[in-house]
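Everything on this sheet refers to the single structure shown next.
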Amino acid sequence: MKVTFLGTGTSVGVPTVGCGCNTCLSTDPRDNRLRTSLLLEKGEHRILIDASTDFRQQALRIGLDRIDAILFTHAHADHCFGLDDARPIMFRNGAIPCYATDVTWDGLRRVYSYVFEPAPYPGVPRIVPHTIDGPFVVFSTEVEPLTVIHGLLQVTAYRIGGLAYVTDCNLIPDEACSRLEGLDTLIIDALRFKPHPTHLCLDDSLGYIERLKPRRALLTHISHDIKHEETSERLPAGVELAYDGLQLEID
Ligand SMILES: [Zn+2]
Ligand SMILES: [Zn+2]
Ligand SMILES: [Zn+2]
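Per the working numbering, the sequence shown starts with residue 29, numbered consecutively.
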């Protein structure tokens with residue numbers, strides 16, 4: 029399975045509007061972070077995790093012309109505002125199956141009320157909603173959803189074989205931790221250095237990595253507090269900052 033980081037930035041993106049900090053002014057492309065989203069490619073199938081605010085730019089950047097399914101982690105703007113921009117793919121290839129929990133569908137129905145009207149306008153996003161409440165299969169790929177805590181919200185993390193994607197959380201409950209052992213690659217939220225009420229800060233993320241012991245860990249949903257090169261030098265072996273465009277091959 030090929031994994032591509034379409035975006036690795038926090039909700040406001042990096043550079044951040046109006047900011048003149050070292051990260052926002054950096055010429056290192058790894059400090060340029062669109063909103064967080066991941067693309068999985070297995071055989072001819074492409075599965076998107078979250079449709080970020082920057083989906084249009086992310087799709088154009090890699091020449092993405094097809095998506096076969098979207099898995100949503102939650103309905104915060106930075107993770108779902110790109111659904112509308114996936115319409116050219118829907119107009120060409122038909123409705124896209126979308127997977128989310130009840131909690132996330134509640135949010136998506138509020139944000140995208142016009143998609144769910146009984147007789148929607150013809151130009152709206154075309155989706156086939158699937159509600160997940162346990163492991164499911166998408167194009168012969170087994171997906172295990174896990175609940176993590178993001179302030180007051182329940183967010184869905186996904187384990188797919190040896191890969192897990194755990195974004196937007198300040199707590200990974202024991203139940204989810206027990207399902208995140210023996211991973212090849214863990215992709216995990218690491219917002220900044222200082223603690224945050226709804227996100228893991230770097231020390232929190234490193235604590236979970238120490239506990240879960242994946243072979244490789246990649247940090248995502250990163251703010252401008254973290255500059256790629258100088259922070260990378262301080263990370264323990266096996267832990268890296270992800271960056272936009274990074275690709276991995278996972279068995
Ligand atoms: Zn987010
Ligand atoms: Zn900045
Ligand atoms: Zn969020």
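The beta carbon of each residue, even a glycine, is placed where N, CA and C say it ideally should be.
Bear in mind the structure is a predicted one, so any value in this text is a computation, not a measurement.
Report task. Can you have a look at residue 87 and say buried or exposed, based on whether 16 or more other CB atoms are within 10 angstroms of its CB? Result -> Label assigned to residue 87: buried.
Query raised in the report: Looking only at DSSP bridge pairs, what is residue 68 linked to?
Result: Beta-bridge pairing links residue 68 to 31, 75.
**Report entry** Limits of the unbroken alpha helix (DSSP H) element including residue 257
**Finding:** Here the alpha helix (DSSP H) through residue 257 covers 256-260.
Query raised in the report: Who are residue 126's beta bridge partners in DSSP?
Result: 98, 157, per the DSSP bridge assignment.
Query - Lining residues of ligand 1 - beta-carbon closer than 7 Å to any non-hydrogen atom, in sequence order - result: In chain order, the qualifying residues are 38, 39, 64, 104, 106, 107, 195, 196, 249.
Requested in this report: Could you work out which residue in 189, 277, 198 is closest to residue 222 when comparing CA atoms only?
Outcome: For residue 222, the closest of 189, 277, 198 by C-alpha to C-alpha distance is 198.
**Report entry** Same chain, Cβ closer than 7 Å to residue 113, five either side skipped, listed in chain order
**Finding:** Within the same chain, Cβ atoms closer than 7 Å to the Cβ of residue 113 are found at 83, 84, the five residues on either side in sequence being excluded.
Query raised in the report: Which residues, in chain order, sit with a beta-carbon under 5 Å away from any heavy atom of ligand 2?
Result: Proximity to ligand 2 was defined by a C-beta distance below 5 Å to any of its heavy atoms, and the residues meeting it, in sequence along the chain, are 44, 47, 49, 52, 252.
Query raised in the report: Roughly how many angstroms lie between the CA atoms of residue 252 and residue 146, to the nearest whole one?
Result: Spanning the two alpha carbons is a distance of roughly 43 Å.
**Report entry** Whole-angstrom distance between residue 136 and residue 270, CA atom to CA atom
**Finding:** In a straight line, the C-alpha of residue 270 is about 27 Å away from that of residue 136.
Report task. Can you give me the Cβ contacts of residue 56 inside the same chain, cut-off strictly under 7 Å, excluding the 5 residues immediately before and after it? Result -> In its chain, beyond the 5 residues on either side, 256, 257 have a beta carbon closer than 7 Å to the beta carbon of residue 56.
**Report entry** Backbone secondary structure at residue 134 - three-state DSSP
**Finding:** Note: residue 134 maps to helix in three-state DSSP.
Query raised in the report: Taking just the CA atoms, how far does residue 174 sit from residue 207?
Result: Going from the Cα of residue 207 to the Cα of residue 174 covers about 8 Å.
Requested in this report: Please say whether residue 219 and residue 38 have beta carbons closer to each other than 8 Å?
Outcome: With contacts defined as CB atoms closer than 8 Å, residue 38 and residue 219 qualify as a contacting pair.
Query raised in the report: How big is the Cα-Cα spacing for residue 107 and residue 211?
Result: It is roughly 24 Å from the alpha-carbon of residue 107 to the alpha-carbon of residue 211.
Report task. Report the residue ranges of all beta strand (DSSP E) runs contained in full by the region 160-184; include only those spanning at least 3 residues, in chain order. Result -> 164-166, 169-178, all fully within the region 160-184.
Query raised in the report: Quick one: complete beta strand (DSSP E) runs, 3+ long, within the region 194-231?
Result: Qualifying beta strand (DSSP E) stretches, in chain order: 213-217.
Report task. Go ahead and pull the three-state DSSP assignment for residue 53. Result -> In this structure, residue 53 counts as coil in the three-state DSSP scheme.
**Report entry** Simplified DSSP assignment, three categories, for residue 278
**Finding:** When secondary structure is reduced to three states using DSSP, residue 278 falls in the coil class, being assigned neither helix nor strand.
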